[in-house]
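Just add 132 to wherever you are in the sequence shown, counting from 1, and you've got my numbering.
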Amino acid sequence: YIGPELLTSAIPILNDTGEIELVVITSTETQTYKMIKANENAHESKSTHVNKSDRLITNSSKIKQILNFCEKVAPTDSTVLIQGESGTGKGVLAHFIHRLSKRANSPFLTINCAAIPEELLESELFGYAKGAFSGANSNGKHGLLEAAKGGTVFLDEIGEMPLSLQAKLLQVIQDKQFIPVGSNEIKKVDIRIIAATNQNLIQMIHDKKFREDLFYRLNVIDIHLPPLRERKEDIIPLVYNFLYKFNEKYNENKVISEECLNILIHYSWPGNVRQLENLIERLDVVSDSVIQVADLPELITDNVEQVAQLALPTSFDEAVDETKRFLIRRSFQTYKSSRKVANDLGISQTKASKLIREYCEDLMNS
């Protein structure tokens with residue numbers, strides 16, 4: 133049986149040493165599935181007990197270092213503080229740590245400290261005794277911390293927690309105990325705390341908006357998630373991952389053009405991974421069978437055009453020099469040999485050696 137004819141292209145994704153680490157294969161039927169499988173196979177040996185839906189899609193050496201670090205700290209009960217801009221995936225990373233921990237079969241509870249009104253946050257977290265306040269449940273109520281017994285509590289946007297509650301949270305971390313609202317009974321709780329913030333907690337300490345002692349209790353394990361603009365090698369894998377996800381959700385089979393991918397790679401992504409995911413969902417819904425540059429919102433295309441204009445060389449000699457530098461570095465990163473570089477660029481080996489010495493000194497020493 134000969135299957136349907138497909139128009140297929142392969143986009144290699146290189147690591148820092150110029151080696152092919154992932155190949156994204158695009159076609160009208162199976163482009164995203166093949167990318168996902170390649171990514172899963174690359175991580176199978178290290179994360180076999182982590183559910184595939186919880187995997188972090190990455191081709192970034194920075195993120196891979198963070199994941200390796202998380203694998204080391206996950207089995208402990210140390211508190212973790214994840215810092216990074218909004219939309220970088222702090223909640224996903226917290227869940228990743230939980231799934232690798234000895235608490236993996238116990239609850240993982242997310243509490244957004246900014247989403248619960250300040251006057252309710254204490255009773256929601258710690259619970260309350262019967263008759264603790266007007267309108268309280270006549271039997272009292274267990275708090276969220278108690279509900280997560282044996283598991284992990286993820287305190288998102290910890291910088292939004294009121295100062296009045298920070299001392300009580302500090303007691304939970306230090307002594308594994310707390311007193312519900314309106315009660316004299318001390319309750320013990322066995323939980324692990326992971327906190328996250330996009331705020332500068334050090335500045336908040338200086339401004340008397342965050343307790344210094346709580347910061348250092350949370351900051352036992354400190355993780356900084358870089359923004360998407362600092363790990364552009366993740367953009368293509370993430371695009372295909374989200375496209376696969378929304379194709380399945382909406383029963384579509386959309387593909388994305390290389391021109392469109394190129395625009396997305398050069399965009400700055402102020403909203404990070406969350407913004408990219410929301411964009412791909414929009415494109416999957418409104419575009420035709422092939423997602424084109426014309427389908428992108430002006431916010432993205434205008435931003436990329438402005439960056440490109442700012443980056444244009446200011447003279448003919450500068451343009452020639454930048455082109456030579458780009459070509460020789462790309463070739464040397466791939467082939468690591470003056471003979472192969474010469475063959476790749478169609479120049480003599482003597483000229484290739486000279487250009488490598490001129491433009492690739494840092495690569496030769498790495």
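Glycine is no exception: its CB is placed at the ideal position from the N, C-alpha and C atoms. Keep in mind that this is a model prediction, so the values were computed, not measured.
For the options Ile243, Ser421, Ile412, the alpha carbon positioned closest to that of Pro429 is the one of Ile412. DSSP places Arg461 outside any beta strand (DSSP E); the residue lies instead in the alpha helix (DSSP H), whose first and last residues are 448 to 467. Per DSSP, the unbroken beta strand (DSSP E) holding Asn244 starts and ends at 240 to 244. For Asn379, the CB contacts under 8 angstroms within the same chain, skipping 5 residues up- and downstream, are Thr164, Asn385, Lys386, Asp416 in chain order. Assigned with DSSP and collapsed to three states, Gly259 falls in strand. Ranked by how close their Cα comes to the Cα of Gly219, the residues Arg414, Trp401, Thr455 have Trp401 in first place. Listed as beta-bridge partners of Thr284 by DSSP are Phe240, Arg324. By alpha-carbon distance to Asp209, the top candidate from Arg349, Phe258, Lys486, Ile325 is Ile325. Of the candidates Ser485, Val212, Lys340, Ser485 places its Cα closest to the Cα of Arg471. In this structure, the alpha-carbon of Ile355 lies about 12 angstroms from that of Gly221. Inclusion of Thr242 and Gly291 in the CB contact set at 8 angstroms is not warranted, their separation being larger than that value. Only residues of its own chain outside the window of five on either side were considered, and among them Ile423, Gln424, Val425, Asp427, Leu428 have a CB closer than 8 angstroms to the CB of Cys392, listed in chain order. Taking the Cα positions, Ala280 is about 11 angstroms away from Phe258. Here Thr329 is bridged, per DSSP, to Gln215. CA-to-CA, the gap between Asn475 and Ile395 works out to about 31 angstroms.
Per DSSP, Ile355 is one residue of the beta strand (DSSP E) stretching across 353 to 356. With fewer than 16 other beta carbons inside 10 angstroms of its own, Ile397 counts as exposed.
Ile460 counts as buried, since at least 16 other C-beta atoms from the protein chains shown sit within 10 angstroms of its C-beta. Counting along the chain, the unbroken alpha helix (DSSP H) around Cys202 starts and ends at 193 to 205.
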